[in-house]
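> Each residue of the sequence shown is one higher than the one before, counting from 605 in the working numbering. No residue lacks a Cβ here, since even glycine has one placed at the ideal position from N, Cα and C. Predicted model, so just to flag it, every value in this text is computed and none were measured.
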Amino acid sequence: MWIPIFEGLVRAMSWVSALQQTLSSGASNALPSTPRPLRAEIPGGSPLSFCDVSRPTDLFNITMVQLSQQPGPIYIDDDFFFFLYGTFQDTFTPNATIFLTLDWASHPEEYGHKPSQSRAGATYAIDFCHMSNIMQPSGGKKKSENCPPEKGWALIQSIGYVWPMYIRAPGWYNFTFDARTAEGDRIYCLTTVVCLRWEDERKNRGYYPEGPWTNCTWPR
Numbered sequence: 605m606w607i608p609i610f611e612g613l614v615r616a617m618s619w620v621s622a623l624q625q626t627l628s629s630g631a632s633n634a635l636p637s638t639p640r641p642l643r644a645e646i647p648g649g650s651p652l653s654f655c656d657v658s659r660p661t662d663l664f665n666i667t668m669v670q671l672s673q674q675p676g677p678i679y680i681d682d683d684f685f686f687f688l689y690g691t692f693q694d695t696f697t698p699n700a701t702i703f704l705t706l707d708w709a710s711h712p713e714e715y716g717h718k719p720s721q722s723r724a725g726a727t728y729a730i731d732f733c734h735m736s737n738i739m740q741p742s743g744g745k746k747k748s749e750n751c752p753p754e755k756g757w758a759l760i761q762s763i764g765y766v767w768p769m770y771i772r773a774p775g776w777y778n779f780t781f782d783a784r785t786a787e788g789d790r791i792y793c794l795t796t797v798v799c800l801r802w803e804d805e806r807k808n809r810g811y812y813p814e815g816p817w818t819n820c821t822w823p824r
């Protein structure tokens, strides 16, 4: 289980970097100059994990992710909520964006394609503040809604919907949520591969081409 202590980690890395400048250039045990990737697993029981590009320096340090429909399953045409718990390392300017990418590129062979034929999928830009209900402490036990957020602990609540206009056939789908500031700094990045089907089994029949993906089960 990954339980980050980000402020201490950042301070420690800064101190080591400064110390290394005073050491001989021939030292062979120098620490890497860039933060290491985060461990993929996130507590909370959701199928979401960190992206390969996620780093401890991301503006929102996520410690737990939950879905309103846990343990699931979530079906096509369902709406639900994401709950992201963590700490903002700093505030940022308005006009941040969530880039949502939907594809099935991780498992092209299950759709009758060779790995080299995998598609990049479609990416949609969504206003971060419009989609993120951010709750933060505001004196005592009261909480306030702030977006852009203030530095400190926060709960982000976002609504999700499996839109049948885009997802109709049962199968495995990849989703990536890459949140960026207007300046391009990463707020967070989450990704998942999940099985999506209709709750009414009659709607799951008859899709072509047939294959193992039509009998998948949530979450994968």
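#1: Less than 9 Å between the C-beta atoms of tyrosine 679 and glutamate 803, yes or no?
#2: Please classify asparagine 808: does DSSP put it in a helix, a strand, or coil?
#3: Taking the C-alpha atoms as reference points, what is the distance between aspartate 656 and alanine 758?
#4: Which same chain residues end up closer than 6 Å to glutamine 693 when comparing Cβ atoms and leaving out the 5 residues on each side of it in sequence?
#5: When you compare the CB of proline 675 with every CB in chain B, is at least one pair closer than 9 Å?
#6: Would you call asparagine 665 buried or exposed, if buried means 16 or more other Cβ atoms sit within 10 Å of its Cβ?
#7: In the structure shown, what three-state DSSP assignment does asparagine 819 receive?
#8: Report the start-end ranges of each beta strand (DSSP E) in the region 744-797 that is 3 residues or longer and not cut off at the edges.
#9: Within the continuous beta strand (DSSP E) that includes phenylalanine 684, where are the two ends?
#10: Would you report the Cα separation of glutamate 754 and proline 660, rounded to the nearest angstrom?
#11: Flag arginine 659 as yes when its Cβ comes closer than 8 Å to any non-hydrogen atom of the ligand MG, and as no otherwise.
#12: Apart from the five residues just before and just after glycine 649, which ones in its own chain have a Cβ nearer than 7 Å to its Cβ?
#13: Specify, as a first and last residue, the run of the alpha helix (DSSP H) that phenylalanine 732 falls within.
#14: Please name the residue, chosen from Ala644, Phe685 and Thr695, that lies closest to glutamate 763 on a Cα-to-Cα basis.
#15: Am I right that valine 797 and tryptophan 767 are in contact with their C-beta atoms under 8 Å? What's the rounded C-beta distance?
#16: Which word fits proline 698, buried or exposed, when buried means at least 16 other C-beta atoms lie within 10 angstroms of its C-beta?
#17: Using the C-alpha atoms, what's the distance from leucine 704 back to phenylalanine 781?
#18: Which one or two residues does DSSP pair with leucine 652 in a beta bridge?
#19: Could you tell me the alpha carbon to alpha carbon distance between serine 736 and glutamine 761, rounded to whole angstroms?
#20: Comparing C-alpha positions only, which one of Ala786, Phe779, Pro774 and Met769 sits nearest to leucine 800?
#21: Quick one: Cα of alanine 700 to Cα of threonine 785, how far?
#22: Looking only at its own chain, which residues have a Cβ that is under 6 Å from the Cβ of asparagine 819, when we skip the five neighbours before and after it?
Once the coordinates are examined:
#1: Position 75 of the sequence shown holds residue 679. Position 199 of the sequence shown holds residue 803. Taking 9 Å as the Cβ cut-off, tyrosine 679 and glutamate 803 qualify as a contacting pair.
#2: Against the sequence shown, residue 808 aligns to sequence position 204. In the structure shown, asparagine 808 sits in a helix (DSSP, three-state: H, G or I).
#3: Residue numbering aside, residue 656 sits at position 52 when the sequence shown is read from its first letter. Residue numbering aside, residue 758 sits at position 154 when the sequence shown is read from its first letter. Distance between the alpha carbons of aspartate 656 and alanine 758: 23 Å.
#4: Within the sequence shown, numbered from 1, the residue matching residue 693 stands at position 89. The answer, listed in chain order, is Leu663.
#5: As a matter of chain content, chain B is missing from the structure shown, which is built from one protein chain.
#6: Taking the first residue of the sequence shown as 1, we reach residue 665 at position 61. Buried: at least 16 other Cβ atoms inside 10 Å.
#7: In the sequence shown, counting from the first residue as 1, residue 819 sits at position 215. Three-state result, asparagine 819: helix.
#8: 747-749, 756-765 and 775-784
#9: The residue given as residue 684 occupies position 80 in the sequence shown. Run containing phenylalanine 684: 683-692, per the beta strand (DSSP E) assignment.
#10: Indexing the sequence shown from 1 puts residue 754 at position 150. Indexing the sequence shown from 1 puts residue 660 at position 56. Taking the straight line joining both Cα atoms gives about 18 Å.
#11: Questions concerning the ligand MG fall outside what the structure shown contains, since it holds no ligand whatsoever.
#12: Here residue 649 refers to the residue found at position 45 when the sequence shown is read from its first residue. Result list for glycine 649: Gln670, Gln674 and Pro675, in chain order.
#13: The residue given as residue 732 occupies position 128 in the sequence shown. Counting along the chain, the alpha helix (DSSP H) containing phenylalanine 732 begins and ends at 732-735.
#14: Counting from one through the sequence shown, the residue named residue 763 turns up at place 159. In the sequence on display, residue 763 carries isoleucine and not glutamate. With distances taken between Cα atoms, isoleucine 763 lies closest to Phe685.
#15: Taking the first residue of the sequence shown as 1, we reach residue 797 at position 193. Taking the first residue of the sequence shown as 1, we reach residue 767 at position 163. Contact doesn't hold; Cβ gap of about 18 Å is too wide.
#16: Position 94 of the sequence shown, counting from 1, holds the residue named residue 698. The residue in question, proline 698, is exposed, as its Cβ has fewer than 16 Cβ neighbours within 10 Å.
#17: What you label residue 781 is simply residue 177 of the sequence shown in a count that begins at 1. What you label residue 704 is simply residue 100 of the sequence shown in a count that begins at 1. Cα to Cα, the separation comes out at about 5 Å.
#18: Here the question's residue 652 lines up with position 48 in the sequence shown. Its beta-bridge partners do not exist; DSSP assigns none.
#19: Looking up residue 736 in the sequence shown gives position 132. Looking up residue 761 in the sequence shown gives position 157. Roughly 6 Å separates the two Cα atoms.
#20: Looking up residue 800 in the sequence shown gives position 196. Looking at the Cα atoms, Pro774 is the closest of the given residues.
#21: Your numbering for residue 700 matches position 96 in the sequence shown. Your numbering for residue 785 matches position 181 in the sequence shown. Cα-Cα distance, rounded: 4 Å.
#22: As a working note, residue 819 is residue 215 in the sequence shown. Counting only Cβ-Cβ distances below 6 Å, and skipping sequence neighbours, we find nothing.
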